[in-house]
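Order-wise, the sequence lines are chains A and B.
Following our numbering, the numbering of the first sequence begins with 1 at its first residue and continues without gaps.
Following our numbering, the numbering of the second sequence begins with 1001 at its first residue and continues without gaps.
Have a look at the structure below, then the notes.
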Amino acid sequence: KEHPQSHDEL
Amino acid sequence: MNIFRLAGDMTHLASVLVLLLKIHTIKSCAGISLKTQELYALVFASRYLDIFTHYVSFYNTVMKLIFLGSAFSIVWYIRRHKLVRRSYDKDHDTFRHYFIVLPCLILALLIHEKFTFRVVMWTFSLYLEAVAILPQLVLLQRTRNIDNLTGQYVFLLGAYRALYILNWVYRYFTEPHYVHWITWISGLIQTLLYADFFYYYFQSWKNNVKLELPA
Chain A
1 KEHPQSHDEL
Chain B
1001 MNIFRLAGDM
1011 THLASVLVLL
1021 LKIHTIKSCA
1031 GISLKTQELY
1041 ALVFASRYLD
1051 IFTHYVSFYN
1061 TVMKLIFLGS
1071 AFSIVWYIRR
1081 HKLVRRSYDK
1091 DHDTFRHYFI
1101 VLPCLILALL
1111 IHEKFTFRVV
1121 MWTFSLYLEA
1131 VAILPQLVLL
1141 QRTRNIDNLT
1151 GQYVFLLGAY
1161 RALYILNWVY
1171 RYFTEPHYVH
1181 WITWISGLIQ
1191 TLLYADFFYY
1201 YFQSWKNNVK
1211 LELPA
């Protein structure tokens, strides 16, 4: 599962 | 990056530029809520804690710097600039910060994806951004005269959120395992807060009359 910190949105 | 995301970011950028134009050129912050601007500064400060440690792209880093820099300079202008601060409508901008900040902090401590300082702060910034517009909307309702730039500013901010929802829908269907419940629900609530404003904004546009929110 993708880590929220790696979220690429602003 | 898809077209909705880019359009959303550009609309967000445009909203900041419109506000800076009003403040810097006209030297007025009439109708602008300092409370909302301070909340946005807090939103970006807590969300972009990893700006120098977690690299995503050149685009992301530049945009983060712009949003951080503009948020703090707007707050500085309204609080410190000798001409701008005179136009600040202090008596009507009475929303209390802690009514908004405290519940968001508690919610972030309770509902998050991972219990680490950075993730909790990141989640807090999402919850806070969702409701940070409330003092501004309250101020608009109390202000009989909403000038053009203030109206455009709030409209662009709302449009940015609506475009981000389209971006999520697009990404959900095009990317594998793209599910972010916390981001989506807070983003949806944030956009719904603009529904009333949008209604009156389009009414005034259609009938070509000055924007005014009912008390």
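Just so it is clear, CB atoms sit at the ideal spot from N, CA and C, and this is done for glycine as well.
This structure is a prediction, so every number in the text was calculated from the model and none was measured.
I'd like to know whether the C-beta atoms of K1027/B and L1083/B end up nearer to each other than 8 Å. yes
Looking only at C-alpha atoms, which of G1069/B, F1004/B, Y1077/B, V1169/B sits nearest to I1032/B? Y1077/B
Can you give me the start and stop residues for the alpha helix (DSSP H) that L1049/B sits inside? That residue, L1049/B, is in no alpha helix (DSSP H); it is neither H nor E in DSSP.
Minimum Cβ-Cβ distance from V1056/B to chain A less than 8 Å: yes
Counting pairs of beta carbons, one from the stretch 1111-1124 of chain B and one from the stretch 1002-1018 of chain B, are three or more of them closer than 8 Å? no
Do the CB positions of N1002/B and Y1153/B come within less than 8 Å of each other? no
Euclidean distance between Cα positions of R1144/B and L1213/B: 8 Å
Return the chain-ordered list of same chain residues with a C-beta closer than 7 Å to the C-beta of L1049/B, the five sequence neighbours on each side being excluded. R1118, M1121
Less than 6 Å between C-beta atoms, sequence neighbours within five positions excluded: which residues of the same chain meet that for I1100/B? V1131
Under a three-way DSSP split, which group does S1087/B fall into? helix
DSSP three-state call for M1001/B: helix, strand or coil? coil
Taking 8 Å as the threshold (beta carbon to beta carbon), is K1035/B in contact with chain A? no
May I ask you to list, following chain order, the residues of the stretch 1111-1122 of chain B that have a beta carbon less than 9 Å from some beta carbon of chain A? H1112, E1113, K1114, T1116, R1118, V1119, W1122
So if I threshold CB-CB distances at 8 Å, which residues from the stretch 1053-1079 of chain B count as touching chain A? H1054, V1056, S1057, N1060, M1063, K1064, F1067
Short CB-CB distance (under 8 Å) between D1009/B and chain A: yes
Could you tell me the alpha carbon to alpha carbon distance between F1198/B and I1051/B, rounded to whole angstroms? 33 Å
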